[in-house]
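Participant: Position one of the sequence shown corresponds to residue 160 (my numbering), numbered consecutively onward. Glycine residues also receive a C-beta, built at the ideal position from the N, C-alpha and C atoms.
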Amino acid sequence: MLTQILSARQVHQKIRRLAYQIYENHFDETEIVLVGIENMGLHLAYLLQREIQAVSPLKVRLCSLKLDKTAPLSQPIQISEDIANLAHKSIILIDDVLNSGKTMFYAFKPFFEIPIKSLQTLVLVNRDNKLFPINPDYVGYSLATTLQNHVSVILDDESKFGVYLSQ
160 MLTQILSARQ VHQKIRRLAY QIYENHFDET EIVLVGIENM GLHLAYLLQR
210 EIQAVSPLKV RLCSLKLDKT APLSQPIQIS EDIANLAHKS IILIDDVLNS
260 GKTMFYAFKP FFEIPIKSLQ TLVLVNRDNK LFPINPDYVG YSLATTLQNH
310 VSVILDDESK FGVYLSQ
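1. With respect to the alpha helix (DSSP H) encompassing HIS202, which residues constitute its N-terminal and C-terminal limits?
2. Nearest to ASN258 by CA position, among LEU161, ALA303 and ALA178, is which residue?
3. Which residue wins for smallest C-alpha separation from ARG286, given the options VAL322, SER166 and GLN279?
4. Quick check on the DSSP output: the alpha helix (DSSP H) that includes GLU183 runs from which residue to which?
5. Going by DSSP in three states, ILE242 sits in which element: helix, strand or coil?
6. Tell me LEU161's beta-bridge partners as DSSP assigns them.
7. Which of the three DSSP states, helix, strand or coil, is assigned to LYS225?
8. Excluding the 5 residues flanking PHE320 on each side, which residues of the same chain have their C-beta closer than 7 Å to its C-beta?
9. Examine the Cβ distances between the region 238-245 and the region 258-268 and report whether three or more of them are shorter than 8 Å.
10. With a 10 Å radius around its C-beta and 16 neighbouring C-beta atoms as the bar for buried, classify TYR179 as buried or exposed.
11. Using the beta-carbon count (16 or more within 10 Å), is GLN208 buried or exposed?
12. Can you give, in chain order, each stretch of the beta strand (DSSP E) that sits fully within the region 230-300 and has at least 3 residues?
13. I'd like the span of the beta strand (DSSP E) that includes SER311, first residue to last.
14. Specify, as a first and last residue, the run of the beta strand (DSSP E) that GLU190 falls within.
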């Protein structure tokens with residue numbers, strides 16, 4: 160059974176609120192870097208980039224990060240920009256859903272190679288099934304679920320845009 164838990168309008172409201180929170184925490188910056196974890200995390204980062212630029216004077220750079228979510232150490236983690244170009248920057252690592260924390264945990268790895276100003280995390284949906292020590296700095300929606308539930312975020316199809324829970 161598939162249940163919509165956030166409509167398109169509600170998701171856009173969450174994104175706008177997150178954009179304001181980011182601006183409030185980075186108002187003294189000239190630039191921030193949003194790193195979206197492919198696939199839906201990157202779509203979310205793009206929507207956030209547009210929203211932050213609409214509500215603030217911040218320059219927002221967008222990068223993608225790709226890793227094998229089932230076996231994160233089996234292949235190198237890929238970032239769309241040379242990692243050296245992100246040195247001394249304020250970085251926000253973005254994913255659609257934080258479930259166990261595994262994906263976000265391994266996504267930190269490339270940033271250990273460079274000095275950074277700050278590294279924060281953002282998720283649209285935070286589930287409370289943590290197996291890794293990850294607590295997001297920015298959360299659109301918190302949801303207590305069982306391990307049998309699955310949360311789907313659809314941001315790349317306007318007809319289905321939203322957050323869904325399947326049991």
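Facilitator: This is what the structure holds:
1. Residue numbering aside, residue 202 sits at position 43 when the sequence shown is read from its first letter. Its alpha helix (DSSP H) spans residues 199-214.
2. Indexing the sequence shown from 1 puts residue 258 at position 99. In this structure, ALA303 is the residue among LEU161, ALA303 and ALA178 with its C-alpha nearest to the C-alpha of ASN258.
3. Residue numbering aside, residue 286 sits at position 127 when the sequence shown is read from its first letter. Distances from the CA of ARG286 to each of VAL322, SER166 and GLN279 were compared; the closest alpha carbon is that of VAL322.
4. Looking up residue 183 in the sequence shown gives position 24. First-last of the alpha helix (DSSP H) with GLU183: 167-184.
5. Residue mapping note: residue 242 aligns to position 83 of the sequence shown, counting from 1. Of the three classes helix, strand and coil, the one that applies to ILE242 here is helix, per DSSP.
6. One-based indexing of the sequence shown puts residue 161 at position 2. Bridge partners of LEU161: SER325.
7. Here residue 225 corresponds to residue number 66 of the sequence shown, with the count starting at 1. DSSP places LYS225 in strand when its eight states are reduced to three.
8. One-based indexing of the sequence shown puts residue 320 at position 161. Its chain contains ALA167, VAL170, ILE313 and LEU314 as the residues whose beta carbon lies nearer than 7 Å to that of PHE320, once the 5 sequence neighbours on both sides are disregarded; these appear in chain order.
9. In short, these stretches do not touch, since the Cβ pair count stays below three.
10. Within the sequence shown, residue 179 is the residue found at index 20, counting from 1. With fewer than 16 Cβ atoms within 10 Å of its Cβ, TYR179 is classed as exposed.
11. Along the sequence shown, read from residue 1 onward, the residue named residue 208 stands at position 49. With 16 or more Cβ atoms within 10 Å of its Cβ, GLN208 is classed as buried.
12. Note on the region 230-300: whole beta strand (DSSP E) runs with a minimum of 3 residues are 249-257 and 277-286, in chain order.
13. For this step, residue 311 is matched to residue 152 along the sequence shown. Judged by DSSP secondary structure, SER311 falls within the beta strand (DSSP E) whose first and last residues are 309-313.
14. By 1-based counting over the sequence shown, the position of residue 190 is 31. Its beta strand (DSSP E) spans residues 190-196.
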